[in-house]
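Remember, the working numbering sits 32 above the position in the sequence shown when you count from 1. Take a look at the structure below.
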Amino acid sequence: MNKKALILLALLLVTSMYTISIAKGASLLYSVSNTSATIQNQYYQINFNLTKGASIVSWNTLVPQTVQLNSLEIPSMVLSINQSLPGNLYNQQWRATLINKGSNYVKMLFTPINSGNISVYEFVTASNYYPYISYSIIINTTSNNTYIKDLYIGIGGSSLGNSWSFIGSELVNGIPEYFIGNNSNSYTGNFIKVLMLSGSNNSYTSMIGLNFVSPTYASVQFLKGYINGTPAVNGVAYTIIDIKNISLIRGSSYIIDFNLYESQFNPELISLTDSLDMVSQVYNINGNITNLINYRMIINSYLNEITSLNQSINSLTTKVGELQGLVSYWQVRYNETNQLAGSYSYRLHKSGEVSIGLFILGLVVGVLGGAYFLKPKPSETMPLKQQKKETKKK
33 MNKKALILLA
43 LLLVTSMYTI
53 SIAKGASLLY
63 SVSNTSATIQ
73 NQYYQINFNL
83 TKGASIVSWN
93 TLVPQTVQLN
103 SLEIPSMVLS
113 INQSLPGNLY
123 NQQWRATLIN
133 KGSNYVKMLF
143 TPINSGNISV
153 YEFVTASNYY
163 PYISYSIIIN
173 TTSNNTYIKD
183 LYIGIGGSSL
193 GNSWSFIGSE
203 LVNGIPEYFI
213 GNNSNSYTGN
223 FIKVLMLSGS
233 NNSYTSMIGL
243 NFVSPTYASV
253 QFLKGYINGT
263 PAVNGVAYTI
273 IDIKNISLIR
283 GSSYIIDFNL
293 YESQFNPELI
303 SLTDSLDMVS
313 QVYNINGNIT
323 NLINYRMIIN
333 SYLNEITSLN
343 QSINSLTTKV
353 GELQGLVSYW
363 QVRYNETNQL
373 AGSYSYRLHK
383 SGEVSIGLFI
393 LGLVVGVLGG
403 AYFLKPKPSE
413 TMPLKQQKKE
423 TKKK
């Protein structure tokens, strides 16, 4: 296989992969304006209000298709520094900037237009494969002063009923421990996940949760029927995560990563949001274990296909490497052969010139030699003249 064939094979592989990605990610959309931003994938449509701290003011679940429960503009996600929610950042104008966009993901940056000596960067990534969005929040300062701040993250929502349950997962000596609350309460620990479930009579209809990428030590407050400690309409609930005493020094940053989701209560989304262990604390999952097994089988089937494709790609990569090695080997041999052919041609050319020169030299030598040897000698001509004279005298 020559180089052109290798390049053609690579282009075919890349083109086929790109085509598959486009097909799967066709529903991933986004929009940005001065006052709002929207991200939509196959699971949700999320609207960010840039006039209210880039908070999520609506999260419409698209899978499964259901009537939305939220009737109020209750932010699903708000952020504040050193103030209880909603706080200073919530009451500011933010801006949204597209960072990157692929066929199956979109990454955006949210940042307040004016946050004083403290800089806040929210990187939000949405994938078409998952029903959650990923946050990476970076906080730093350019001031020479040292600041000790609290970071408040609030997640909340509203439902038609007033039945909310709270579940927290804390890492204790490397082992997850769970605690459950049905009324307003506070907890402190090394948190892994928090989850709020809404419904009635232990029949849940929707869920809002936050999963930390790495355990985070914080104080968590579950507020049922309250917003920022103030009584609100029935059906509203908030979980406020207070990460205390963040030290901000010039040249260093505080970074926190988590996944946030709000979805309908069904086996597929429970599995895809990685909240199965949380839900099982309050809900008898055995009744839906068949569905969960089916979803797991589908997921495992996809994973097996991905593994098989990866193995095929690795095998093809190895073959391409081997073929490239052969191409390099024969290229070296070809160059060597060209050099030898050039050398032989040069030698043959020189040999021909020498042969012609020797031939001409031989002719010259032969002619001169023949002329020399055929020329009459003086000793032979004198007696003949004397013979002629003697003959005349007689």
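C-beta: ideal position from N, C-alpha, C; glycine also.
Cα-Cα separation, residue i to residue j
i	j	result
Lys276	Asn298	35 angstroms
Ser195	Gly189	12 angstroms
Ile145	Asn73	28 angstroms
Ser232	Thr174	49 angstroms
Ser375	Glu368	10 angstroms
Tyr75	Asn266	27 angstroms
Val311	Ser295	13 angstroms
Asn215	Val314	14 angstroms
Ser63	Ala69	6 angstroms
Ser151	Phe142	11 angstroms
Asn114	Ile281	16 angstroms
Lys256	Phe211	16 angstroms
Leu372	Val364	12 angstroms
First and last residue of the uninterrupted alpha helix (DSSP H) at residue i
i	result
Ile302	299-304
Val252	Val252 -> not in any alpha helix (DSSP H); beta strand (DSSP E) instead, spanning 235-256.
Met310	308-311
Tyr122	119-122
Whole-number beta carbon distance between residue j and residue i, since they are thought to touch under 8 angstroms
i	j	result
Leu203	Pro247	5 angstroms
Gly186	Val110	4 angstroms
Ser285	Asn177	Incorrect: roughly 16 angstroms between the Cβ atoms, too far for contact.
Tyr153	Thr305	Contact flag wrong, Cβ pair sits at about 25 angstroms.
Ile287	Lys181	14 angstroms between Cβ atoms; not a contact.
Phe198	Gly221	In fact, because the Cβ distance is near 14 angstroms, the residues do not count as touching under 8 angstroms.
Distance cut-off 7 angstroms: residue i Cβ against heavy atoms of the ligand FMN
i	result
Ile150	Looking for the ligand FMN in the displayed structure turns up nothing, as the structure carries no ligands at all.
Sequence-distant residues of the same chain with beta carbon closer than 6 angstroms to residue i, five excluded per side
i	result
Ser166	Thr157, Asn291
Gly241	Leu227, Tyr293, Ser307
Asp289	Ser168, Val245
For residue i, the first and last residue of its enclosing beta strand (DSSP E)
i	result
Leu60	Careful: Leu60 lies outside any beta strand (DSSP E) and carries neither H nor E.
Tyr286	285-296
Tyr270	268-280
Residues bridged to residue i (per DSSP)
i	result
Val226	Gly200, Leu242
Pro163	According to DSSP, which records beta bridges pairwise, Pro163 is partnered with nothing at all.
Pro208	Leu203
Gly231	Ser195, Tyr236
Other residues of its chain near residue i: CB distance less than 7 angstroms, five sequence neighbours each side excluded
i	result
Gly357	none
Ser103	Note that Ser103 scores 46 on pLDDT, short of 50, meaning its location in the model is unreliable and no value can be drawn from it.
Ile106	Gly188, Gly189, Ser190, Val268
Val89	Asn79, Asn81, Glu105, Pro107
Residues of its chain near residue i, where Cβ-Cβ distance is below 8 angstroms and the 5 sequence neighbours each way are ignored
i	result
Gly206	none
Lys133	Tyr62, Lys139
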